[in-house]
Amino acid sequence: MTRVEILGLELKNPVIAASGTFGFGREFDEYFSIEKLGGISTKGLTLNKRDGNKGIRIYETPSGLMNSIGLQNPGVKGFIEEDLPFLENMDIVILANLGGSTLDEYLEGIELLNNTSIDFIELNISCPNVKEGGMAFGIKCNTAERVVKEAKKVSKKPLIVKLSPNAENIQEMAYSCVNAGADGLSLVNTFNALAIDVYKRKPIFENITAGLSGPCIKPIALRMVYEVSKVVNVPIIGIGGIINWRDAIEFIMAGATAIQVGSGNFIKPDISLDIIKGIEEYMKEEGIKSLEEIRGII
Amino acid sequence: MTRVEILGLELKNPVIAASGTFGFGREFDEYFSIEKLGGISTKGLTLNKRDGNKGIRIYETPSGLMNSIGLQNPGVKGFIEEDLPFLENMDIVILANLGGSTLDEYLEGIELLNNTSIDFIELNISCPNVKEGGMAFGIKCNTAERVVKEAKKVSKKPLIVKLSPNAENIQEMAYSCVNAGADGLSLVNTFNALAIDVYKRKPIFENITAGLSGPCIKPIALRMVYEVSKVVNVPIIGIGGIINWRDAIEFIMAGATAIQVGSGNFIKPDISLDIIKGIEEYMKEEGIKSLEEIRGII
Amino acid sequence: MKENYRKGIIYKNTEISPNIYELVLEGDFHGIPGQFYMLRGWDWLDPFLSRPISIADIESGKIKFLYEVKGRGTHIISKLKKGDTLSLLGPLGNGFDMQMEGRIALITGGIGIAPMLYLAKKLSGEIHIYSGFRNNAYFLDQIRPYVKTVKIATENGSIGHKGFITEIFDPKDFELVYACGPTPMMEVVLKMCKGIVPVFVSMENHMACGIGACLGCTIETIRGMERVCKEGPVFKGEEVVFND
Amino acid sequence: MKENYRKGIIYKNTEISPNIYELVLEGDFHGIPGQFYMLRGWDWLDPFLSRPISIADIESGKIKFLYEVKGRGTHIISKLKKGDTLSLLGPLGNGFDMQMEGRIALITGGIGIAPMLYLAKKLSGEIHIYSGFRNNAYFLDQIRPYVKTVKIATENGSIGHKGFITEIFDPKDFELVYACGPTPMMEVVLKMCKGIVPVFVSMENHMACGIGACLGCTIETIRGMERVCKEGPVFKGEEVVFND
Ligand SMILES: Cc1cc2nc3c(=O)[nH]c(=O)nc-3n(C[C@H](O)[C@H](O)[C@H](O)COP(=O)(O)OP(=O)(O)OC[C@H]3O[C@@H](n4cnc5c(N)ncnc54)[C@H](O)[C@@H]3O)c2cc1C
Ligand SMILES: Cc1cc2nc3c(=O)[nH]c(=O)nc-3n(C[C@H](O)[C@H](O)[C@H](O)COP(=O)(O)OP(=O)(O)OC[C@H]3O[C@@H](n4cnc5c(N)ncnc54)[C@H](O)[C@@H]3O)c2cc1C
Ligand SMILES: Cc1cc2nc3c(=O)[nH]c(=O)nc-3n(C[C@H](O)[C@H](O)[C@H](O)COP(=O)(O)O)c2cc1C
Ligand SMILES: Cc1cc2nc3c(=O)[nH]c(=O)nc-3n(C[C@H](O)[C@H](O)[C@H](O)COP(=O)(O)O)c2cc1C
Ligand code: FES
Ligand code: FES
């Protein structure tokens, strides 16, 4: 009943674990069977291993949090060798979330991923926490367009481009990416944000700004998904502050085919199961046979 | 000690009541003497009286709220006749918040305000809740620049331009407005946002989207004030989710000369007094003689 | 200068019927029937807004509220215990017109019964109450001493008339009607009473400031948009424009 | 499969010293000394993150936590009463190495004393505890039965040595040191013990997931960035890179 299809691939349900909040699934699999999820987006990968940022990485804000992890990850090769084997044995759709600071880095990463069992590449052109870590690509349409075009040329996997809410114009950005070959879009990544330690008289984070996520951003993220769904014709994965089934349904009604749960995982490790169950109950109650019936209904 | 100066005018303290959350001060004055504030920004005025929007106008979100009031106001003349007399007898700096849907509307409004005792015009080029209610002006630099340039020509009052966080590029927008003659800037107005009733399968608000405010947006608003303070040299009034003295100090450290309290007034009507007191105590504790010492310190 | 957002200390907070709570606070509270307070039972930012709740009764040194747990705010309030504190802003709004006399009907639907005890106590006419509920009747025992008759209807017929309360009410028997409840009920009451007897209705709307400043709680009236928290919550029935 | 985020019912939650609370929950809880739980004493979204708190003791059918009210999260937890429920995720982290024996010093600063009762009970060596506080000593009465000596220092001298606990501690007397407290204290301990006796430190950091997935709680070690919630919270002292 909750099945959805993205670019020919079937997901058991529309609930995907969001990149960076779920590792490579192993830790969460100790708490619930992650095969119950529709999919998992991996921690953001870069071509080479990265240590990530120093200093405070997590800071709580009203109904949300800021993070500045800085893409700590084992590198694409490390992922393929150490983490993918665990995931590929599972009945779950895998999105390899890929960041990069240069075009070449993206392209080499894609080539390595081409020959693996991952299902989608989720191209992160929007990580705000690394200097040139993709952020620059996610703001202006023309730079985004260039990366996506080249990525599409080399990618053998369907390409989902993850948009930044910091983009100057989210509709134009979405349109540009699709125009350049994006097979799907996911949005939003975190909002560029600031917090200051008033006693130290310094920003909380070493990088000055960091990425804001969680329920606090949901109303804005939902608006962006709605706007984007009006201008593109590819599947959209809605992300931003989703913590319950109502949130998920709102994103679907705004036009999303699937949704990702990020910060919500920190409230309760199996929050996604609650969301899936809630969606099922809502569908029964409302006599909805397939989520297609309500997708983009507003 | 908490005194600040904006464009030659002295404010007792940097705390100003934000437009639309404080009416014309009368209701709040029943709960505390509003003369204790540094200033008040009036409910958004338009040349002619407006009834505002129908349907739900207020909707709670995690650590914030969405509103779609639609600039219900008595019109500039009505304000001058009915509401200004109460305010002008007070020892408080008055910002007349002015919206408009056409350039002419803005200019006529300014001319009426020129001959009154108000201290500043706060030009609202950013209200998301009225069709053409200024929102269109607040997104793209060139349209904003045009309005500000013309407004500046006719205004005899110092002109503070209130920026929308929905602007495509907040730094370029700030720069354009100052270039066009803005004497100061205030930011941010509300974020364009969406909420959906999953049972009615319709947006909560009749206008579909509405404006998000409150503590949820603070980290983003603070980042924007910081960014703007790096590119302009005029006084900045920081707005967005301020509910305590720490928030206020953060905005000042990010470069603001004064701050406005909006949604915070809904938590506790005299929340601004707590903020003022907190700022004083912080200054004593830290041996700060004037807020100038910490302005833009990060 | 009015009293500010103040703390009240909880004297009792008990479930008198499933999901229906009676909350009593100690302190010197003011207000007339039909007025309300904005309640806040938490120090944090989610939920963000305070909740408007009518005065159910005021006696020397105590105020009573009657509320139904609907969403998160009322849920949190329902968890508070004797001795806990709660912030309150009020009394707010206009309240019922207390000058009226004669044969008066109070018509309530569900939790709309909340302001009626205090109203019945303070009104001087001959009062009859008509209360509709879904399954369980509540609060009427407290009201009974102050009214001439009590009529009950429940949707499942477990007590009183089976059906809607408006089915057993005849407007011709009265000189004045006060109604408080769900909008559909109030619309029926207004239709029934039109041209026969004047009706006052107590309206609800989402509120932010509660004191008339934000214009968030307006409803359409024949005079234009008016604030439920300031011009209301009590309106003359024929002045309210219902759109659905 | 591990137990999930579960509810615990509060058996007691009492202030044992100004701002210091002892929280006891009923249930069948697991964990070794030095491990922690993520606690959540609220159903809403602000505060957003759960709070990491060490296991202070586990006895059959009960778990004990000792915590200091610092900010909003611990404040809310401190208001909970017997019978209220609390969500917990755990046990998390590595915990102290329990294989060690010999003459062991436990050095604590402030609330860093929290994991030491359980540790002292479970360790088999000869244990001496050195505890520093600002003004008031607490929790030591419960620890006393399980240790050979108790040394106290307070900054104001109200009890024990006036000054820092590190001033009355001699690393040469010990074969092993466990330290838990503010970073500056742990740095002093490490400096004193360097080349003399091995030290294990329990580290703190802001946490989001608590289970090793978000990489939010990493600290710098000689092996690179490591997660306090997974590789820690207990680290070999010489492996931690302190930067200030
Ligand atoms: C003047 C007035 C007097 C009232 N008196 C009573 C009373 O005596 N007893 C009682 O049980 N209820 C009363 N209500 C309704 C009560 O305010 C709502 O049921 C309550 O706010 C719901 O909050 P929640 O947290 O349970 O629900 P949520 O769904 O979490 O509320 C979300 C938001 O919507 C608002 N909201 C939701 N429903 C309503 C509503 N019906 N009216 C106004 N705002 C709403 C809330 O205030 C909050 O801001 C009154 C409402 C008004 C306007
Ligand atoms: C492994 C571990 C074990 C701990 N054991 C105990 C214990 O047994 N007793 C005890 O009193 N304290 C303990 N702490 C510290 C405790 O977690 C913090 O004091 C608490 O999180 C502060 O929350 P708050 O809501 O009071 O403060 P706030 O300032 O409101 O917290 C804001 C945010 O910062 C985080 N934070 C603030 N200070 C710390 C800190 N020192 N460590 C980690 N996160 C922090 C909070 O978790 C929260 O996310 C432990 C910390 C860790 C990492
Ligand atoms: C701790 C943390 C780490 C994240 N790391 C990544 C990442 O590596 N790649 C990425 O595309 N998004 C990353 N994100 C963004 C999330 O995937 C998601 O887009 C964002 O948090 C908004 O969703 P949420 O509000 O549900 O958390 C991260 C978010 C958090 C909180
Ligand atoms: C109910 C409401 C009405 C508002 N009306 C106006 C307005 O008329 N003109 C304007 O410039 N801003 C208006 N605003 C925006 C606020 O002045 C402020 O910029 C915004 O709410 C962010 O600040 P906050 O988070 O402190 O509320 C309104 C905000 C709210 C919540
Ligand atoms: S709630 Fe603000 S005007 Fe009524
Ligand atoms: S808190 Fe997420 S990895 Fe440690």
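Protein chains in written order, with the numbering used here: chain A, -7 to 290; chain B, -7 to 290; chain C, 21 to 264; chain D, 21 to 264.
All C-beta atoms, glycine included, are put in the ideal place defined by N, C-alpha and C.
{"query": "Between residue 52(B) and ligand 1, is the CB less than 7 Å from at least one heavy atom?", "result": "yes"}
{"query": "Could you give the first and the last residue of the continuous beta strand (DSSP E) run that contains residue 25(C)?", "result": "Careful: residue 25(C) lies outside any beta strand (DSSP E) and carries neither H nor E."}
{"query": "From the DSSP output, in three-state form, read off residue 276(B) for me.", "result": "helix"}
{"query": "Can you say whether residue 97(A) is buried or exposed, counting buried as having 16 or more other CB atoms within 10 angstroms of its CB?", "result": "buried"}
{"query": "Report the residue ranges of all alpha helix (DSSP H) runs contained in full by the stretch 194 to 243 of chain D; include only those spanning at least 4 residues, in chain order.", "result": "203 to 213"}
{"query": "Along the chain, where does the alpha helix (DSSP H) containing residue 58(B) start, and where does it finish?", "result": "That residue, residue 58(B), is in no alpha helix (DSSP H); its beta strand (DSSP E) goes 56 to 59."}
{"query": "Does the structure place the stretch 7 to 19 of chain B close enough to the stretch 47 to 58 of chain B that three or more beta carbon pairs sit under 8 Å?", "result": "no"}
{"query": "Is any heavy atom in ligand 3 found nearer than 7 Å to the beta carbon of residue 151(A)?", "result": "no"}
{"query": "Buried or exposed: which applies to residue 191(B), given that a residue is buried once 16 or more other Cβ atoms fall within 10 Å of its Cβ?", "result": "exposed"}
{"query": "What residues are listed by DSSP as bridge partners for residue 173(C)?", "result": "152(C), 181(C)"}
{"query": "Pull up the distance between the alpha-carbon of residue 133(D) and that of residue 33(D), whole angstroms please.", "result": "18 Å"}
{"query": "I'd like to know whether the C-beta of residue 19(B) is nearer than 8 Å to at least one C-beta of chain C.", "result": "yes"}
{"query": "In chain order, what residues of the stretch 164 to 191 of chain A put their CB closer than 8 Å to some CB of chain B?", "result": "183, 184, 185, 186, 187, 188, 190, 191"}
{"query": "Determine the chain D residues that contact residue 25(B) at a beta-carbon separation under 7 Å, and present them in chain order.", "result": "Correct list: empty, because the minimum Cβ distance to chain D is about 30 Å."}
{"query": "Whose Cβ in chain D lies nearer than 8 Å to the Cβ of residue 55(B)?", "result": "65, 66"}
{"query": "What's the gap between the Cα of residue 63(C) and the Cα of residue 166(B)?", "result": "36 Å"}
{"query": "Are residue 26(B) and residue 84(B) close, meaning C-beta to C-beta below 8 Å?", "result": "yes"}
{"query": "Alpha carbon to alpha carbon, how far is residue 137(D) from residue 162(D)? Give it in angstroms, no decimals.", "result": "7 Å"}
{"query": "Extract the residue ranges of the beta strand (DSSP E) inside the stretch 40 to 123 of chain D, only unbroken runs of 3 or more that lie entirely within it.", "result": "40 to 46, 56 to 60, 71 to 74, 77 to 79, 82 to 88, 105 to 112"}
{"query": "Please confirm whether any heavy atom of ligand 5 lies closer than 7 Å to the CB of residue 58(B).", "result": "no"}
{"query": "Are the CB atoms of residue 146(A) and residue 115(A) nearer to each other than 8 Å?", "result": "no"}
{"query": "Write down the C-beta distance between residue 291(B) and residue 131(B) rounded to the nearest angstrom, noting that I regard them as a contact closer than 8 Å.", "result": "Chain B is shown from -7 up to 290; residue 291(B) falls before or after that span and cannot be answered."}
{"query": "Please list, following the chain, all residues that have a C-beta closer than 5 Å to any non-hydrogen atom of ligand 2.", "result": "52(A), 56(D), 69(D), 71(D), 72(D), 73(D), 74(D), 87(D), 88(D), 90(D), 91(D), 92(D), 93(D), 94(D), 131(D), 134(D), 224(D), 226(D), 253(D)"}
{"query": "Out of 209(D), 52(D), 79(D), which has the shortest C-alpha to C-alpha gap to residue 119(D)?", "result": "52(D)"}
{"query": "Should residue 148(D) be labelled buried (16 or more other beta-carbon atoms within 10 Å of its own) or exposed?", "result": "buried"}
{"query": "Under 8 Å, with one C-beta from each stretch per pair, do the stretch 80 to 91 of chain C and the stretch 34 to 47 of chain C reach the 3-pair mark?", "result": "yes"}
{"query": "Would you please verify whether the beta carbon of residue 195(B) is less than 8 Å from any beta carbon of chain A?", "result": "yes"}
{"query": "Assuming residue 68(B) contacts residue 39(B) under a Cβ cut-off of 8 Å, what Cβ separation, rounded to an integer in Å, is found between them?", "result": "6 Å"}
{"query": "In this structure, what does DSSP give as the bridge partners for residue 195(A)?", "result": "188(A)"}
{"query": "Can you pull the chain A neighbours of residue 231(D), defined as C-beta to C-beta under 9 Å?", "result": "15, 19, 20, 22, 23, 261"}
{"query": "Under 8 Å, Cβ to Cβ, is there at least one residue of chain D near residue 206(A)?", "result": "yes"}
{"query": "Starting from residue 162(D) and walking both ways along the alpha helix (DSSP H), at which residues does that stretch end?", "result": "160 to 163"}
{"query": "Using the Cα positions of residue 255(C) and residue 196(C), report the straight-line distance between them to the nearest angstrom.", "result": "13 Å"}
{"query": "Listing by chain order, which chain C residues have their CB less than 7 Å from the CB of residue 92(D)?", "result": "64"}
{"query": "Give me the Cα-Cα distance between residue 242(B) and residue 35(C), rounded to the nearest whole angstrom.", "result": "44 Å"}
{"query": "Which one of 126(C), 232(C), 177(C), 139(C) has the shortest CA to CA distance from residue 115(C)?", "result": "139(C)"}
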